[in-house]
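Q: The structure's right below; bear with me while I get my questions together.
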Amino acid sequence: MFQNPGKTKGLLFGALVAVFLLPPTAYSQQVINGCSIFPPNNIWNRRIDTLPLDPNSATYVSTIGASTRFHPDVGNDINSFGIPYNLTKSKGKVLPSFDYADESDPGPYPVSTNLLIEGGTWAASNAGDRHVLMVDTKKQVLYELYATYPSGKKGIHAGSGAIFPLNSNALRPNGWTSADAAGLPVFPGLLNYNEVATGVVRHALRFTTRRTNGYIWPARHQAGPQTAGYPPMGQRFRLRASFNVSTYSPRIQVILNCLKQYGMFVADNGSNWYMNGAPDPRWNNAELDQLKTLVGSDFEAVDERSLMVNPDSGQSL
Numbered sequence: 000m001f002q003n004p005g006k007t008k009g010l011l012f013g014a015l016v017a018v019f020l021l022p023p024t025a026y027s028q029q030v031i032n033g034c035s036i037f038p039p040n041n042i043w044n045r046r047i048d049t050l051p052l053d054p055n056s057a058t059y060v061s062t063i064g065a066s067t068r069f070h071p072d073v074g075n076d077i078n079s080f081g082i083p084y085n086l087t088k089s090k091g092k093v094l095p096s097f098d099y100a101d102e103s104d105p106g107p108y109p110v111s112t113n114l115l116i117e118g119g120t121w122a123a124s125n126a127g128d129r130h131v132l133m134v135d136t137k138k139q140v141l142y143e144l145y146a147t148y149p150s151g152k153k154g155i156h157a158g159s160g161a162i163f164p165l166n167s168n169a170l171r172p173n174g175w176t177s178a179d180a181a182g183l184p185v186f187p188g189l190l191n192y193n194e195v196a197t198g199v200v201r202h203a204l205r206f207t208t209r210r211t212n213g214y215i216w217p218a219r220h221q222a223g224p225q226t227a228g229y230p231p232m233g234q235r236f237r238l239r240a241s242f243n244v245s246t247y248s249p250r251i252q253v254i255l256n257c258l259k260q261y262g263m264f265v266a267d268n269g270s271n272w273y274m275n276g277a278p279d280p281r282w283n284n285a286e287l288d289q290l291k292t293l294v295g296s297d298f299e300a301v302d303e304r305s306l307m308v309n310p311d312s313g314q315s316l
């Protein structure tokens, strides 16, 4: 179990937490400790298997890499795979300093160096994205920090930070980043072992591409060089309906069916076709390697415009 080793009072866990999914007639989204991860009609929780193709689908797949292998950035080692998260009821709150303060929520954040951080260590040698994700299930609030470092005795400095009320469909202000380059939350797009163990994952995942071009709803921000022919931040992809999942293990079939039904958002610039999850000691890395048989041409981009109710809301039809 990746249980937080620190002395901060409260319930602090990493990737291994209680995740409950209610029957599809009641809810169609992830529920953790009784806390729904956004409303049922949020775009993260919307099936997209019947949506039309984006007219640029073939171009996007080609530029990302039609023959490039899909890569599951998730596994059983917190130091090597994925992005961990923390369930926190800690009373201690910090006002971090930010590199991008004008696009960050000032806080306070329930963050300390006792929490789990992407890359496994708070030491300066951790050269990754250093996300720290905090979920307060009682208050229904998600806190996320990017490029997070200790500052002084008890302070925290981060590149950027965002706070999301989990009972709301509100998006970031248009043009604002978050802890993700697309201005989207990170946590809702993580693949979680406990969900897979229930036999169904009912929300979109997140993935990265090396280059992007602008952004579309529900994303709020662009980053890096804007390269023609590449997908925008917020573009959603799905696994083709014709893809045969029957030769894969039962757990991998759950993931593949999620990719068919809910797909995945372009959320950041990074390695092509890298899908992210939360590390958990129960993952079987060799089993997850089955996903590496997928290639870019197994996916297609979808057109979500018909689902948008308001460009400043994550609510979907």
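Per numbering that gives the first Met the number 0, the sequence shown starts with residue 0, numbered consecutively. Glycine is no exception: its CB is placed at the ideal position from the N, C-alpha and C atoms. Just so it is clear, the structure is predicted and the values come from calculations on it, not from any experiment.
In three-state DSSP terms, what is TYR59?
A: By 1-based counting over the sequence shown, the position of residue 59 is 60. Residue state, collapsed to three classes: helix.
Q: For THR49 and THR197, I'd like the C-alpha separation in whole angstroms.
A: Within the sequence shown, the letter at position 50 stands for residue 49. Within the sequence shown, the letter at position 198 stands for residue 197. C-alpha separation (whole angstroms): 24 angstroms.
Q: In terms of residue numbering, what span does the alpha helix (DSSP H) encompassing TYR192 cover?
A: By one-based count along the sequence shown, residue 192 stands at place 193. Start and end: 192-197.
Q: So, are the CB atoms of ARG317 and SER315 less than 7 angstroms apart?
A: In this structure the chain extends from 0 to 316, so residue 317 is not present and cannot be described.
Q: For VAL73, which residues in the same chain have their Cβ closer than 6 angstroms to its Cβ, ignoring the five residues on either side in sequence?
A: Walking along the sequence shown from the start, residue 73 turns up at place 74. If we look at VAL73 and ignore the five residues flanking it on each side, its Cβ neighbours are PHE80, GLY81, LEU190, GLY276.
Q: Please state if the CB of PRO107 and the CB of PRO343 are separated by a distance shorter than 7 angstroms.
A: The displayed coordinates of the chain run from 0 to 316. Any statement about residue 343 would go beyond what the structure contains.
Q: Quick check: the Cα distance between ARG210 and GLY182, rounded to an integer number of angstroms?
A: Counting from 1 along the sequence shown, the entry for residue 210 is found at position 211. Counting from 1 along the sequence shown, the entry for residue 182 is found at position 183. Taking the straight line from one Cα to the other gives about 16 angstroms.
Q: Comparing C-alpha positions only, which one of ALA178, ASN113, PRO164, VAL60 sits nearest to TYR99?
A: Locating residue 99 in the sequence shown gives position 100, where the first residue counts as 1. With distances taken between Cα atoms, TYR99 lies closest to ALA178.
Q: What did DSSP end up calling MET307 once you bin it into helix, strand or coil?
A: Translated into the one-based positions of the sequence shown, residue 307 becomes position 308. MET307 falls in the strand class under three-state DSSP.
Q: What's the C-alpha gap between ILE235 and ALA157?
A: By one-based count along the sequence shown, residue 235 stands at place 236. By one-based count along the sequence shown, residue 157 stands at place 158. Here residue 235 is Arg; the residue named in the question, Ile, does not match the sequence. Straight-line Cα distance between these residues: approximately 28 angstroms.
Q: Just confirm the distance between the C-beta atoms of TRP272 and ARG219, as a whole number of angstroms; I'd bet it's less than 8 angstroms.
A: The residue labelled residue 272 in the question sits at position 273 within the sequence shown. The residue labelled residue 219 in the question sits at position 220 within the sequence shown. In fact, because the Cβ distance is near 23 angstroms, the residues do not count as touching under 8 angstroms.
Q: With distances taken Cα to Cα, identify the nearest neighbour of VAL185 among LEU204, TYR148, SER248, ASN173.
A: Here residue 185 refers to the residue found at position 186 when the sequence shown is read from its first residue. With distances taken between Cα atoms, VAL185 lies closest to LEU204.
Q: Would DSSP call LEU144 helix, strand or coil?
A: Locating residue 144 in the sequence shown gives position 145, where the first residue counts as 1. LEU144 falls in the strand class under three-state DSSP.
Q: Taking Cβ positions, are ILE215 and GLY233 nearer each other than 7 angstroms?
A: Start at 1 with the first residue of the sequence shown, and residue 215 comes out as number 216. Start at 1 with the first residue of the sequence shown, and residue 233 comes out as number 234. The answer is yes: Cβ separation under 7 angstroms.
Q: Does the Cβ of LEU52 have 16 or more other Cβ atoms within 10 Å, making it buried, or fewer, making it exposed?
A: Working through the sequence shown from its first residue, we reach residue 52 at position 53. So LEU52 ends up on the exposed side.
Q: In the DSSP output, what is HIS70 paired with across the bridge?
A: In the sequence shown, counting from the first residue as 1, residue 70 sits at position 71. According to DSSP, HIS70 bridges with TYR273.
Q: I need the DSSP call for GLN139, collapsed to helix, strand or coil.
A: To locate residue 139, count along the sequence shown from 1; it is residue 140. Three-state result, GLN139: coil.
Q: Out of curiosity, what's the CA-to-CA distance linking GLY160 and MET263?
A: The sequence position of residue 160 within the sequence shown is 161, counting from 1. The sequence position of residue 263 within the sequence shown is 264, counting from 1. In a straight line, the C-alpha of GLY160 is about 22 angstroms away from that of MET263.
Q: So the alpha helix (DSSP H) ALA285 belongs to, where does it begin and stop?
A: In the sequence shown, the residue the question calls residue 285 occupies position 286. Residues 284-287.
Q: Distance check for SER296 and HIS70, CA to CA, integer angstroms please.
A: Counting from one through the sequence shown, the residue named residue 70 turns up at place 71. Counting from one through the sequence shown, the residue named residue 296 turns up at place 297. Spanning the two alpha carbons is a distance of roughly 14 angstroms.
Q: To the nearest angstrom, report how far apart SER270 and ASN78 are at their CA atoms.
A: Within the sequence shown, numbered from 1, the residue matching residue 270 stands at position 271. Within the sequence shown, numbered from 1, the residue matching residue 78 stands at position 79. Each residue's Cα considered, the two are about 18 angstroms apart.
Q: Rounded to whole angstroms, what's the CA-CA distance from VAL265 to GLN28? Just pull it up for me.
A: Here residue 265 corresponds to residue number 266 of the sequence shown, with the count starting at 1. Here residue 28 corresponds to residue number 29 of the sequence shown, with the count starting at 1. Their Cα atoms are separated by approximately 20 angstroms.
Q: Taking its Cβ as the centre, do 16 or more other Cβ atoms sit within 10 Å of PRO172, making it buried, or is it exposed?
A: To locate residue 172, count along the sequence shown from 1; it is residue 173. So PRO172 counts as exposed.
Q: In the structure shown, what three-state DSSP assignment does LEU52 receive?
A: Reading the sequence shown from its first residue, position 53 is the one you call residue 52. Looking at LEU52 - three-state DSSP - the assignment turns out to be strand.
Q: Where does the unbroken alpha helix (DSSP H) through ASN256 begin, and where does it stop?
A: Mapped onto the sequence shown, residue 256 falls at position 257. It spans 249-260 - the alpha helix (DSSP H) in which ASN256 sits, taken as one unbroken run.
Q: Pull up the distance between the alpha-carbon of LEU293 and that of VAL253, whole angstroms please.
A: Your numbering for residue 293 matches position 294 in the sequence shown. Your numbering for residue 253 matches position 254 in the sequence shown. Cα to Cα, LEU293 sits roughly 15 angstroms from VAL253.
Q: Considering only their Cβ atoms, is the gap separating GLU303 from SER56 smaller than 7 angstroms?
A: Working through the sequence shown from its first residue, we reach residue 56 at position 57. Working through the sequence shown from its first residue, we reach residue 303 at position 304. No.
Q: By the 10 Å Cβ neighbour count, where 16 or more other Cβ atoms means buried, how is GLY118 classified, buried or exposed?
A: Residue numbering aside, residue 118 sits at position 119 when the sequence shown is read from its first letter. Looking at its Cβ environment, which holds 16 or more other Cβ atoms inside 10 Å, GLY118 is buried.
Q: With DSSP run on the structure shown, which of helix, strand or coil describes LEU10?
A: Against the sequence shown, residue 10 aligns to sequence position 11. Caution is warranted here: a pLDDT of 33 is assigned to LEU10, below 50, making its placement in the model unreliable, and no coordinate value can be reported.
Q: Are there 16 or more other CB atoms within 10 angstroms of the CB of ASN85, so buried, or fewer, so exposed?
A: Counting from 1 along the sequence shown, the entry for residue 85 is found at position 86. ASN85 is buried by the Cβ-count criterion.
Q: Throw me the rounded Cβ distance for the PHE37 and ASN243 pair, which I believe falls under 8 angstroms.
A: Taking the sequence shown and counting its residues from 1, one reaches residue 37 at position 38. Taking the sequence shown and counting its residues from 1, one reaches residue 243 at position 244. Distance from PHE37 to ASN243 at the Cβ level is roughly 32 angstroms; contact not present, criterion being Cβ atoms closer than 8 angstroms.
Q: In the structure shown, what three-state DSSP assignment does ALA100 receive?
A: As a working note, residue 100 is residue 101 in the sequence shown. Three-state DSSP puts ALA100 in a helix.
Q: Whole angstroms is fine: what's the gap from SER241's alpha carbon to VAL301's?
A: Taking the first residue of the sequence shown as 1, we reach residue 241 at position 242. Taking the first residue of the sequence shown as 1, we reach residue 301 at position 302. About 15 angstroms.
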